[in-house]
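Numbering (this note's numbering), first residue to last: 128 to 238.
Notes follow the structure.
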């Protein structure tokens, strides 16, 4: 349906892709109440690391899916290391802004 690709530069550099899937996932409403489970996946050097983020995207954007890839994080990254680098705090605003921009472009294209 719609997608957005961007690079976030903070303490750690990320390449991000956000997209709206063509069909709603089967647990869309159930995942709304699961605060830790996110539809965003973290990769380091194209190796899957985690999909458990506390509050990277707000709940009203839980229908979005995406991935974040970093070449600067070590492969054995842990949750504590992510918090130490302030990755969720520094990328949250950029992710929300890009997600809302993507939704606005999608709405303009549809009208």
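All residues carry an ideal CB built from backbone N, CA and C; glycine is no exception.
Cβ shell of residue i (< 8 Å), same chain only, five flanking positions each side left out
{"i": "residue 170", "result": "176, 194, 195, 196, 197"}
Straight-line Cα distance separating residue j from residue i
{"i": "residue 173", "j": "residue 190", "result": "23 Å"}
{"i": "residue 225", "j": "residue 216", "result": "15 Å"}
{"i": "residue 230", "j": "residue 150", "result": "16 Å"}
Closest Cα partner of residue i within the set the options
{"i": "residue 192", "options": "185, 145, 230, 220", "result": "145"}
{"i": "residue 148", "options": "140, 134, 167", "result": "167"}
{"i": "residue 223", "options": "233, 179, 188", "result": "188"}
{"i": "residue 178", "options": "184, 165, 185", "result": "165"}
{"i": "residue 183", "options": "235, 204, 218", "result": "218"}
Three-state class that DSSP yields for residue i in the structure shown
{"i": "residue 134", "result": "strand"}
{"i": "residue 169", "result": "strand"}
{"i": "residue 233", "result": "helix"}
{"i": "residue 194", "result": "strand"}
{"i": "residue 150", "result": "coil"}
{"i": "residue 202", "result": "coil"}
{"i": "residue 188", "result": "helix"}
{"i": "residue 183", "result": "coil"}
{"i": "residue 219", "result": "helix"}
Contacts around residue i, its chain only, beta-carbon distance under 7 Å, and the 5 residues preceding and following it disregarded
{"i": "residue 227", "result": "none"}
{"i": "residue 202", "result": "171, 172, 174"}
{"i": "residue 204", "result": "171, 176"}
Nonlocal neighbours in the same chain, by C-beta distance under 6 Å from residue i, ignoring five residues either side
{"i": "residue 134", "result": "142"}
{"i": "residue 236", "result": "none"}
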